[in-house]
Structure formats: structure tokens, C-alpha cells
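Here's the structure, in C-alpha cells; my notes come after.
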Amino acid sequence: MGANSELISHIDPSYRNLVVISGARRGIGHAVADRFLQSYNTAVIGVDNHPDIVEQFPERQGRNFWPVQLDICDTDGVKELFGEVIAAPQPLDAVVHAAGHIVAGTDYHRHVRDYPTETARQQVKRLREVNGQAAIHFVSQAVGALSAQENGGCVIGISSSKADFPDPYRKEYMLAKARFSEAMAIQRTKLPPSIRLIDVQPGNTQTDIDGGEWIDGSDPDTARAVQAVNEWWRTHFGTPVKTIAEAIYDIAQDPRERRAVIPLGRDALLGSYMSRLPGWHTVSNTAARGVYTAVRLTSR
905 MGANSELISH IDPSYRNLVV ISGARRGIGH AVADRFLQSY NTAVIGVDNH
955 PDIVEQFPER QGRNFWPVQL DICDTDGVKE LFGEVIAAPQ PLDAVVHAAG
1005 HIVAGTDYHR HVRDYPTETA RQQVKRLREV NGQAAIHFVS QAVGALSAQE
1055 NGGCVIGISS SKADFPDPYR KEYMLAKARF SEAMAIQRTK LPPSIRLIDV
1105 QPGNTQTDID GGEWIDGSDP DTARAVQAVN EWWRTHFGTP VKTIAEAIYD
1155 IAQDPRERRA VIPLGRDALL GSYMSRLPGW HTVSNTAARG VYTAVRLTSR
């Protein structure tokens, strides 16, 4: 943390509320930070592992935006961050965990050690840690901070609607996000009414983030085909990132919002209904493989 701790301790006390947002450099996290910064009484701590986080919202820095370069896999750093947040002059109002990591691939192995190359093993290990263990720890620390100040508040964990639209080439990502959702569901049962823990599950969102890297050794033709299909889907059925950010802002600000899981986006809502149908997951997986294969063959 270092200098970041010094910044947090000097947040202007005239801002009544404090919000922490992870993954604030790009994508949904950046859009959510931008939306909260439009609130005249809110200070935002934006967390990201990339050094460029310190270059975001330059006109707001020193006023109501405080960048913190921190890898959420650094459990000690995350714990220290929320210790500093508790010491800030204003109460913590909301935490939005938007950090994530995407890796796609044609193979899935239960154990990391079973992937064929060291590069692949490191890619999968990072994906599982960021979207699984580290996400769970970050949200747990956020809940602990809200509990310590006794004012209540809202923690929003951004998982994924992928489980409702199974993608055979993003199974690692889907399973890691599912573990995150399960952990939030368990933790939710232990919380007092003053703390809301909400699992937000966006569908395909139109952001500046692409489909992610591919696991080392993946077939390049398949990768191109899958990427082409995903881009088409995102363009035609994806939700603008500002729309998602506005919805997340409203959820955080409305104490009456008590839903445990909230799908966001047209395809996410569709998936939440379709997933209730018998055999839907098998149909979805088969259809996805068929479309990807057709695109791969016709693009040669």
C-alpha cells in the first residue's frame, strides 16, 4: 500500500460517503467508478493491479478519486486496504468488486497440474485465483469493514451469467465465477440486515475489454472462430457498459433492494429464464459448439 495509505488518510471529509471499487481501470469497474464520481457527496477509491490506475480520472484525483495500485491476490494488501478504509473520515457506504480475469481454451482439467504446458498452468492458476479465491477474500474483507463501522452498507460482487449460457470454451472462467457466487450465497446467510451482499451477474457487456487471452496450446482457428462469434453476439445483444454501471449504482444506493442475485443485460435476463428449462445446459453447450465449428469451417 505505502503511499496509497497516505492518500486514503487524506480524503476530504466534506464528502459524506466512501465507495471502494476494484477493477476500476477498465470495463465495468471503470464505468461504475465514473458513475459514482458524478455523485457530489461521494469519494471513490479505485483499485486495480495495473499501474495505469493512477492515470484514471485525473481531473478528480486529490478531490474525490483516490487510485490504489493493488493486486487483489495480495491478501495482506487487501486486508491493509480495508483497514485504511475504516480509518477514513467518512463511513464506507458501498464496495463494488468488479476485478476479474478471462482466459479461454478448448480443454478443461480439474487440476491445474494436468494442463500440458507451464504457461497454460500459470494462466489457469491466475484465472482461478483472481475470479475465485481472491474475489472471495476481497468481498469478505469488505463485509468485515462494514461490520466494523456498524453503519451497514452494500457489497456488490460482480460474477457472471455464463452459467446460464454455458460456453464450452470458457468453462474455467464459468466455474471460477460460480464458486464466487456460491461463496457469496453462504456468507449472505451470516450477515445482519444492515449489510446487503448482492451477486450481480452481467451478460455480455460492450466494454473496452476483449474476450481475453487463450490458454497456451489452444487451436488458433478455433480461437478466431470463437472470438468472431462472441464479438457478433456482444455487438448485437450486448448491453452498453454505461447501462450496466447505472444499474449497479442504483442497486448500491437503494436500501430497499434486497435481491440476492440480480442478472443484468438482455442476454443475462434471457439466460436466467432459459436455465430453468430441463436440459437447457446440454442444449446450450451443444449449440455453442455447433456454431463455433460452423464459423471455423466457413472462415478457412
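As numbered in our numbering, the sequence shown has no gaps in its residue numbers, which increase by one up to the final residue, 1204.
Note that CB positions come from ideal geometry on N, CA and C, so glycine has one too.
Just so you know, these numbers come straight off a predicted model, no measurement behind them.
- Nearest C-alpha to Arg964 among Ser943, Val1059 and Phe1042: Ser943.
- The distance from the Cβ of Ile1119 to that of Asp1011 is about 7 angstroms, consistent with a contact at the 8 angstroms cut-off.
- Within the DSSP secondary-structure output, Val1059 pairs in a beta bridge with Val999 and Leu1101.
- The beta carbon of Gln1091 lies closer than 8 angstroms to those of Val1043, Ser1044, Val1047 and Leu1101 in the same chain, with the five residues before and after it left out.
- If you check the CB distance, Thr1109 and Ile990 do not come in under 9 angstroms.
- Counting only runs of at least 4 residues, the segment 1109-1157 fully encloses the following alpha helix (DSSP H) elements, listed from N- to C-terminal order: 1124-1141 and 1145-1157.
- DSSP, read as helix, strand or coil, puts Gln1037 in helix.
- When secondary structure is reduced to three states using DSSP, Ser926 falls in the strand class.
- In the displayed model, Phe986 falls within a helix according to three-state DSSP.
- Looking at the DSSP output, Ala1008 sits in a beta bridge with Trp1118.
- Secondary structure remark: continuous alpha helix (DSSP H) runs of at least 4 residues inside the segment 919-965, in chain order: 931-941.
- A buried status is given to Gly1004, since no fewer than 16 other beta-carbon atoms sit within 10 Å of its beta-carbon.
- Take Gly1056, set aside five residues on each side of it, and the residues of its chain with a beta-carbon closer than 7 angstroms to its own are Leu1050, Ser1098 and Ile1099, in chain order.
- Under the 10 Å beta carbon count, Gly1121 is surrounded by fewer than 16 other beta carbons and is classified as exposed.
- Membership of Ile1090 in the alpha helix (DSSP H) is indicated by the continuous run Lys1075 to Arg1092.
- Leu922 and Gln994 do touch by the CB rule: their CB atoms are close to 5 angstroms apart, below 8 angstroms.
- The beta-carbon separation of Val1007 and Tyr1077, rounded to 7 angstroms, stays under the 8 angstroms limit for a contact.
- Pairing Thr979 with Thr1126, the inter-Cα distance amounts to about 36 angstroms.
- In the displayed model, Leu1050 falls within a helix according to three-state DSSP.
- The three-state reading of DSSP puts Leu1095 in coil, since its state is none of H, G, I, E or B.
- If you draw a straight line from the Cα of Asp1068 to the Cα of Val982, it is about 31 angstroms long.
- Rounded to whole angstroms, the separation of the alpha carbons of Pro1159 and Ala1039 is 23 angstroms.
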